[in-house]
Amino acid sequence: MAIFSGTGSQTLAFLAVALSRRVQKPRGARDLPGAILMVDEKCHTGSLAAIPALPRGNAVLLRDYHNPERHSLARGLLKLCRRQGLCLIMAAATRKDVGLALDLGVHGLHASEAALHAPARIIGSLRQFPPRWILTASVHSRAALEKAAHLEFHAALLSPVFPTTSHPGRDALGPLRFSLLARSAPLPVYALGGIHTGNVRRLGGSGAAGIAAIEGFALEGATLERVAIPPSSS
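For the sequence shown, the numbering used here begins at 88 and goes up steadily by one.
Dropping the structure here:
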């Protein structure tokens, strides 16, 4: 049993990686980050401040669609991620977003669930992206999980697992429903929505490929914690 001590955001990232290591991966499967920190306009400053806490090999996902300085923000984030040994994934809602991601040379692309229903119009062919890129999609249902797999995305972010301030009116899946969907999904599934160090342990054994979070990382950056991590299964 490993013991980890660090900030709340470091703790959540460490737990996310521990979860991902417990999932049986098919031979030859793409390596995916265990923790994805999402930079969003709703929790912008805290998200940026939490980036240095992420262990190497994890990812930052830039949403923040409506920021007029999105290009310069993405460029700065890419530089920071390279320095920290992190992947930068760009969220795309339009062809312009896709072009920006390709121009900058980021490490992956994230599509909204709406984009799954009009991929040719919004993101084009996934084959246009470099083979090393990580391609993820937001989903909220079994049908969307199957659609993402059919389009050959590498992973899906399924939400909301727990009640979340970013979508206050949406019913949460809960750990059991999330686990049922994740374990039967035809692609790796990240848990997203209302996740923090106080409830992430409820996802142990859920089949989650990792954790994606906005406030879960951003709001815990100054909280010191010490937790016991169970060993990963072989």
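All C-beta atoms, glycine included, are put in the ideal place defined by N, C-alpha and C.
For clarity, every value in this text was computed on a predicted model and none was experimentally measured.
Task: Inter-residue spacing [alpha-carbon to alpha-carbon] between residue 195 and residue 261 - done: 28 Å
TODO: Helix, strand or coil for residue 197, going by three-state DSSP, please let me know.
DONE: strand
- [ ] Mind the definition here: the region 170-186 touches the region 198-214 only if three or more C-beta pairs lie below 8 Å; say whether that holds.
- [x] yes
Open item on the list: Looking at residue 150: is its Cβ nearer than 8 Å to the Cβ of residue 126?
Closed with: yes
Task: Supposed close pair residue 241, residue 268 - CB separation, criterion 8 Å - done: Cβ atoms of residue 241 and residue 268 stay farther apart than 8 Å, at about 17 Å.
Open item on the list: As a quick exercise: from 145, 225 and 302, pick the residue whose alpha carbon is nearest that of residue 250.
Closed with: 302
Open item on the list: Just to confirm my understanding: we take residue 107, look at its own chain, exclude 5 residues before and 5 after, and list those with CB closer than 6 Å. What are they?
Closed with: 121, 296 and 297
Task: Contact test: residue 214 Cβ vs the ligand MN heavy atom, cutoff 7 Å - done: This structure lacks the ligand MN, and indeed carries no ligand of any kind.
TODO: Confirm, please, whether the CB-CB distance from residue 147 to residue 119 is below 8 Å.
DONE: no
Open item on the list: Please tell me whether residue 99 and residue 300 are closer than 8 Å, where the distance is taken between their beta carbons.
Closed with: By the CB criterion at 8 Å, residue 99 and residue 300 fall inside the cutoff.
- [ ] Verify whether the separation of the beta carbon atoms of residue 265 and residue 134 is less than 8 Å.
- [x] no
TODO: Rounded to whole angstroms, what's the CA-CA distance from residue 105 to residue 172? Just pull it up for me.
DONE: One C-alpha to the other measures close to 18 Å.
- [ ] Leaving out five residues on either side along the sequence, give the residues of the same chain with a beta carbon under 7 Å from the beta carbon of residue 216.
- [x] By the criterion of a C-beta distance shorter than 7 Å, residue 216 is surrounded in its chain by 196 and 222, once the five residues flanking it on both sides are discounted.
Task: Proximity below 8 Å, CB of residue 259 to CB of residue 291 - done: Between residue 259 and residue 291, the C-beta gap is not smaller than 8 Å, which leaves the two residues out of contact.
Task: DSSP bridge partner residues for residue 222 (one or two, in chain order) - done: 196
TODO: Could you pull out every unbroken alpha helix (DSSP H) segment of at least 4 residues lying fully inside the region 202-280, listed in chain order?
DONE: 206-209, 229-237 and 261-271
- [ ] May I ask which residues mark the beginning and end of the beta strand (DSSP E) holding residue 297?
- [x] 297-300
Open item on the list: Would residue 228 and residue 246 qualify as a contact pair, given that the criterion is a beta-carbon distance under 8 Å?
Closed with: no
TODO: Work out the CA separation of residue 277 and residue 188 for me, nearest whole Å.
DONE: 22 Å
- [ ] Output yes or no for whether 8 Å exceeds the beta carbon distance between residue 213 and residue 175.
- [x] no
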